[in-house]
Amino acid sequence: MKNYELLVDRIAKASGLERAEVERKIEAKKAKLSGLISKEGAAQIISAELGISFEDEDLKVAELIGGLRKVNVVGKIMNIFPVREFEKNDRKGKVANFILADDSGSTRVVLWDTNHIAMIEDELIKVGDVVEIKNGSTRDSEIHLSSFGELKKSSVEMAEVKNAPAASEVGLDEVRQGMSVKARGIVVQVFQPRFYSVCPTCNKKGMLGDDGVFKCAEHGVVEKKDRAILNFVLDDGVESIRVVMFSDQIKLLIPEEDLSDEVKAAAFRDDLLGTEIYLSGRVNRNQLFNNLEIVANSVEKVDVEALIETLNA
Ligand SMILES: [Zn+2]
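Residue numbers (the numbering used here): 165 to 477.
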């Protein structure tokens, strides 16, 4: 929805029309087409009718919506996934993916052209590089680059980027696997924390040998460090979902070592239970239970007083 708002802004600015007028046109178009198209789709038709083109425009990542052609984006590569090979109709192909971010948000870029993929394979472009994409097309908010597209290193400096995928605030009944979500709800159940042991140097899981000695694959015999996993159930009044928290988030709510202390851990769980929180995270399918869960990347208690103050401001 945020992309839609940006699109309306852009159309209003380019056409000189009032924002409300643009929205009226979009609604009318959608109604005329019996609701067969999305608001975003209707907005694209209106922009075309008004003679506004998104072709050869430099767009911000957060402005990307599905169905655009010839979009240009400049952003920093945050993460590169392994190149995959596939077979389709007896033809072998390759596809590569990376995450691109600018100061408005981040998105996935999908490369289909062997020359572009080779740039990744040969490490001509790497994580941290700023790249320029021309002639991309969009599918949802992803950028797809065919051989008609261009990919090259940019000389643009980009210090601040927003790496969190543009998360949308959703009802818990709307969450789907792979979504980045923001939700607000009440903690209705808190489970006993679980622990696993890691190497204190590299934070990777180690192994406890038969001799009772803890070993890291890389660092040998080390003094193990315990890390916690905390599960709770969040309910937004419509639906409830299981949430998983790892050390980095837990630490913000309670010193991790306190979780190993039964009394302190019980007090913490009592305190969290019934609390209203803001949660953002990624929706995952739990392989063991085959249900959806949210892996938290931020958990914040709702400060009702502060909220009322912003609403009144
Ligand atoms: Zn280690």
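For each residue, glycine too, the CB sits at the ideal point set by N, CA and C. On a predicted model such as this, the values are computed, not experimentally measured, just so you know.
Comparing the CB of residue i with every heavy atom of ligand 1, is any distance shorter than 7 Å?
i	result
residue 388	no
residue 368	yes
residue 457	no
residue 124	Residue numbering for the chain in the displayed model covers 165 to 477; residue 124 lies beyond these limits and cannot be assessed.
residue 439	no
residue 365	yes
Taking the straight line between their C-alpha atoms, what separation do you get for residue i and residue j?
i	j	result
residue 239	residue 424	43 Å
residue 254	residue 275	20 Å
residue 285	residue 293	15 Å
residue 330	residue 429	Summary for residue 330: the model assigns pLDDT 48, below 50, so the residue's position carries little reliability; its value from the coordinates is reported in the next sentence. Between residue 330 and residue 429, the C-alpha separation is close to 34 Å.
residue 290	residue 309	17 Å
residue 168	residue 189	14 Å
residue 405	residue 446	12 Å
residue 170	residue 212	16 Å
residue 208	residue 324	30 Å
residue 314	residue 242	19 Å
residue 197	residue 203	11 Å
residue 260	residue 246	7 Å
residue 389	residue 418	17 Å
residue 378	residue 368	12 Å
residue 338	residue 457	13 Å
Within the continuous beta strand (DSSP E) that includes residue i, where are the two ends?
i	result
residue 216	Premise fails: residue 216 is in no beta strand (DSSP E) and is neither H nor E.
residue 296	294-303
residue 392	389-399
residue 308	306-309
residue 461	455-465
residue 416	Counting along the chain, residue 416 falls outside any beta strand (DSSP E), though it belongs to the alpha helix (DSSP H) covering 411-417.
residue 264	255-266
residue 379	378-380
residue 316	314-317
I need the boundaries of the alpha helix (DSSP H) containing residue i, first residue and last residue.
i	result
residue 440	Element bounds for residue 440: not the alpha helix (DSSP H) but the beta strand (DSSP E), 440-450.
residue 135	In the structure as shown, the chain starts at 165 and stops at 477, and residue 135 therefore has no counterpart that could be examined.
residue 193	183-196
Checking contacts by CB at 8 Å: is residue i closer than that to chain D?
i	result
residue 441	The displayed structure is made up of one protein chain only, and chain D is not part of it.
Return yes when at least one heavy atom of ligand 3 lies under 7 Å from the C-beta of residue i, else no.
i	result
residue 210	For the structure depicted, ligand 3 is absent and the ligand set comprises only ligand 1.
Legend entry - Cβ pair count under 8 Å reaching 3, the segment 311-322 against the segment 343-350: no
Inset, instruction - Evaluate the contact criterion for the segment 412-422 versus the segment 450-463: three or more CB pairs, one atom per stretch, below 8 Å. - result: yes
Inset, instruction - Decide if the segment 351-364 is in contact with the segment 387-402; the criterion is three or more beta carbon pairs, one per stretch, under 8 Å apart. - result: yes
Legend entry - Cβ pair count under 8 Å reaching 3, the segment 264-273 against the segment 224-236: Yes, since at least three Cβ pairs between the segment 264-273 and the segment 224-236 fall closer than 8 Å, the two stretches touch.
Inset, instruction - Specify whether the segment 433-445 and the segment 369-379 touch according to this definition: at least 3 beta carbon pairs, one from each stretch, less than 8 Å apart. - result: no
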